[in-house]
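Asker: For any residue, its number in this note's numbering is found by taking its place in the sequence shown, counting from 1, and adding 5. All C-beta atoms in this analysis are idealised placements derived from N, C-alpha and C, irrespective of residue type, glycine included. These numbers come from a predicted model, not from an experiment.
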Amino acid sequence: MEMDKLEAFYQGKKVLVTGHTGFKGTWLCAVLVMLGAEVTGYALEAPTSPSLFGLAGAGRKVHSILGDVRDLDHLGQTFDQVKPEIVIHMAAQPIVRESYRNPVDTYGINVMGTVHVLECIRRCDTVRSALNVTTDKVYRNREWEWGYRENEELCGFDPYSNSKSCSELVTESYRNSFFTDGRVAVSTARAGNVIGGGDFAADRILPDCVRAIEQQHTILLRNPDSIRPYQHVLEAIGAYLLIIERQYADDRISGSYNVGPGEESCIRTLDLVQNFSRIWQELTGQILSWECPEGYCGERGFHEAGYLKLDNSKIQGRIGWRPRWGYQEMLRKTAELTRDYLEKADLWDGMTRQIEEYFSE
């Protein structure tokens, strides 16, 4: 997965990205711009303040269209205007706890938004390769100690996870009903917990650490013993780009793919915070503190899984993707860009540097 090989494919390709103003969407746009693609983003305003999209000046690097995937007519007009060859669907309501507070909006965006994107792809005669980005939380979580495979039962527990399970089923239905002629290859990617510099979302552990640094507060851990498959955002994006490239040439490999880290990066939340704090002290000299107050769980009544891990065998065998950065390296990269943010350095330059480092290894 070298930069020049990806560039040979993506150079000049018209790519439409939904949800491009989000954390992961901004990183994806940065990679695509570096690969020479013609990028159009379609999304609501950035979901956080501050946002990586705004801080990095990403709106000046891509053609950005303000829109809602729940608006089928406007989305269809965008497809007619852009005539994309590649579509990457990332627009979503991605926060579990927010899905408890606003389940109707969560289902509307995550399910009907997917229906609308797929319907626009069906009507558009230029699209050749499309990817729907979902989550590792689509599986019925039985708290197993081994990784879930793509043929496991889909049934997320909470409204967010369940709506993403529905998004997977919608994609499979459209693939079976409308895309069997080989004109369009459509896959889904189920990524684990993604981290990296520039994430300001609520209810995520490393953004919580960044806020604690800014406000000089103690980091409060809600579920210190929960085990998650943490990976750097560039790991997920690298996998997405490979899936799109491979299925563009051969639609027979389209399907559903787990995108998760190696075994060593499936770690406890507490271990993640301890290691991030150590790396932050090495970089800045600042000592962070954290605590797990007895009974503290943020807002009460919200279910959270205790153990979740993915099996990567399918994507390694069919696509040739393997994770590159272990959790120590991904935490260091996150800390470095966080330092850039706090020092008001150019974040686009920092992202570009890390992208070059990742794809050159």
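Can you list, in chain order, the residues of its chain with a C-beta nearer than 8 Å to that of residue 291? Leave out the 5 residues immediately preceding and following it.
Answerer: Residue mapping note: residue 291 aligns to position 286 of the sequence shown, counting from 1. Excluding positions up to five away in sequence, the list reads 218 and 285.
Asker: Hey, could you find the ends of the alpha helix (DSSP H) residue 254 is sitting in?
Answerer: Along the sequence shown, one-based indexing puts residue 254 at 249. Unbroken alpha helix (DSSP H) run through residue 254: 238-254.
Asker: Would you check if the distance between the CB atom of residue 339 and the CB atom of residue 152 is smaller than 8 Å?
Answerer: By 1-based counting over the sequence shown, the position of residue 339 is 334. By 1-based counting over the sequence shown, the position of residue 152 is 147. Contact flag unset, no.
Asker: Alpha carbon to alpha carbon, how far is residue 72 from residue 119? Give it in angstroms, no decimals.
Answerer: Start at 1 with the first residue of the sequence shown, and residue 119 comes out as number 114. Start at 1 with the first residue of the sequence shown, and residue 72 comes out as number 67. Spanning the two alpha carbons is a distance of roughly 14 Å.
Asker: Tell me which same chain residues have a C-beta within less than 6 Å of the C-beta of residue 364, skipping the five on either side of it?
Answerer: Along the sequence shown, read from residue 1 onward, the residue named residue 364 stands at position 359. Only 8 meet the Cβ criterion.
Asker: Please give me, in chain order, every unbroken run of the beta strand (DSSP E) with length at least 3 that falls completely inside the region 81-117.
Answerer: 91-94
Asker: Okay, do the region 139-154 and the region 250-258 touch, 3+ Cβ pairs below 8 Å being the bar?
Answerer: no
Asker: Taking Cβ to Cβ, would you say residue 194 is nearer than 8 Å to residue 248?
Answerer: For the purposes of this step, residue 194 is taken as the residue at position 189 of the sequence shown. For the purposes of this step, residue 248 is taken as the residue at position 243 of the sequence shown. In this structure, residue 248 lies closer than 8 Å to residue 194 by Cβ.
Asker: Compute the Euclidean distance between the alpha carbons of residue 222 and residue 293, then round it to the nearest angstrom.
Answerer: By one-based count along the sequence shown, residue 222 stands at place 217. By one-based count along the sequence shown, residue 293 stands at place 288. When rounded, the distance between both Cα atoms is 9 Å.
Asker: Going residue by residue through the region 151-217, where are the continuous beta strand (DSSP E) segments of at least 3 residues, counting only ones entirely within it?
Answerer: 190-196 and 198-200
Asker: Suppose contacts are defined by Cβ-Cβ distances below 8 Å. Is residue 92 in contact with residue 168 by that definition?
Answerer: Numbered from 1 along the sequence shown, position 87 holds the residue referred to as residue 92. Numbered from 1 along the sequence shown, position 163 holds the residue referred to as residue 168. No, they are not a contact pair.
Asker: Quick check on residue 298: buried or exposed, where buried means 16 or more other Cβ atoms within 10 Å of its Cβ?
Answerer: By one-based count along the sequence shown, residue 298 stands at place 293. By the 10 Å Cβ count, residue 298 comes out exposed.
Asker: Assuming residue 226 contacts residue 330 under a Cβ cut-off of 8 Å, what Cβ separation, rounded to an integer in Å, is found between them?
Answerer: Translated into positions along the sequence shown, residue 226 becomes position 221. Translated into positions along the sequence shown, residue 330 becomes position 325. That belief does not hold up - the Cβ atoms of residue 226 and residue 330 are roughly 24 Å apart, past 8 Å.
Asker: Are residue 281 and residue 171 closer than 8 Å when you measure CB to CB?
Answerer: Residue numbering aside, residue 281 sits at position 276 when the sequence shown is read from its first letter. Residue numbering aside, residue 171 sits at position 166 when the sequence shown is read from its first letter. In this structure, residue 171 does not lie closer than 8 Å to residue 281 by Cβ.
Asker: Please report how far the alpha carbon of residue 345 lies from the alpha carbon of residue 188, in whole angstroms.
Answerer: Within the sequence shown, residue 345 is the residue found at index 340, counting from 1. Within the sequence shown, residue 188 is the residue found at index 183, counting from 1. One C-alpha to the other measures close to 44 Å.
Asker: Determine the direct distance from the alpha carbon of residue 326 to that of residue 237, and round the result to whole angstroms.
Answerer: Along the sequence shown, read from residue 1 onward, the residue named residue 237 stands at position 232. Along the sequence shown, read from residue 1 onward, the residue named residue 326 stands at position 321. The alpha-carbon atoms of residue 237 and residue 326 are separated by roughly 14 Å.
Asker: Taking the alpha-carbon of residue 77 as reference, which of 47, 39, 104 and 53 has the nearest alpha-carbon?
Answerer: By one-based count along the sequence shown, residue 77 stands at place 72. Nearest of 47, 39, 104 and 53 to residue 77, Cα basis: 47.
Asker: Could you pull the start and end residues of the beta strand (DSSP E) that residue 228 belongs to?
Answerer: As a working mapping, residue 228 is identified with position 223 in the sequence shown. According to the DSSP assignment, residue 228 belongs to no beta strand (DSSP E), since it is labelled neither H nor E.
Asker: Is the beta carbon of residue 52 closer than 8 Å to that of residue 111?
Answerer: Here the question's residue 111 lines up with position 106 in the sequence shown. Here the question's residue 52 lines up with position 47 in the sequence shown. No, the pair does not count as a contact, with Cβ atoms beyond the cut-off.
Asker: Around the Cβ of residue 65, are there at least 16 other Cβ atoms within 10 angstroms (buried) or fewer (exposed)?
Answerer: Along the sequence shown, one-based indexing puts residue 65 at 60. Counting C-beta atoms within 10 angstroms of its own C-beta, residue 65 has fewer than 16 neighbours from the protein chains shown and is therefore classed as exposed.
Asker: If you check the beta carbons only, do residue 26 and residue 203 fall under 8 Å apart?
Answerer: Along the sequence shown, one-based indexing puts residue 26 at 21. Along the sequence shown, one-based indexing puts residue 203 at 198. It is not a contact, given that the beta carbons lie outside the stated cut-off.
Asker: What are the boundary residues of the beta strand (DSSP E) that includes residue 34?
Answerer: As a position in the sequence shown, residue 34 is number 29, starting the count at 1. Residue 34 -> not in any beta strand (DSSP E); alpha helix (DSSP H) instead, spanning 28-39.
Asker: Take residue 63 and list the residues in its own chain whose beta-carbon comes closer than 6 Å to its own, dropping the five residues that flank it on each side.
Answerer: Here residue 63 corresponds to residue number 58 of the sequence shown, with the count starting at 1. Here the set comprises 31 and 34.
Asker: Looking at C-alpha atoms only, which residue of 362, 209, 277 and 177 is the closest neighbour of residue 448?
Answerer: Because the chain here runs from 6 to 366, residue 448 falls outside it and cannot be looked at.
Asker: Using beta-carbon positions only, say whether residue 4 and residue 44 come within less than 8 Å of one another.
Answerer: It is not possible to answer for residue 4, since the shown part of the chain is limited to 6 through 366.
Asker: Can you tell me whether residue 18 is buried or exposed, with buried defined as 16 or more other CB within 10 angstroms of its CB?
Answerer: In the sequence shown, counting from the first residue as 1, residue 18 sits at position 13. So residue 18 counts as buried.
Asker: Could you please give the first and the last residue of the uninterrupted alpha helix (DSSP H) stretch that includes residue 43?
Answerer: Along the sequence shown, read from residue 1 onward, the residue named residue 43 stands at position 38. Looking at the DSSP string, residue 43 is not in any alpha helix (DSSP H); the run it does join, the beta strand (DSSP E), is 43-48.
Asker: So, residue 360 versus residue 20, is the Cβ gap smaller than 8 Å?
Answerer: In the sequence shown, residue 360 corresponds to position 355, counting from 1. In the sequence shown, residue 20 corresponds to position 15, counting from 1. No, they are not a contact pair.
Asker: Answer with buried or exposed for residue 328, where buried requires no fewer than 16 other C-beta atoms within 10 angstroms of its C-beta.
Answerer: The residue given as residue 328 occupies position 323 in the sequence shown. Residue 328 comes out buried.
Asker: What does a CB cutoff of less than 6 Å around residue 16 pick up in its chain, not counting 5 residues either side in sequence?
Answerer: The residue you call residue 16 lines up with position 11 of the sequence shown. The residues are 41.
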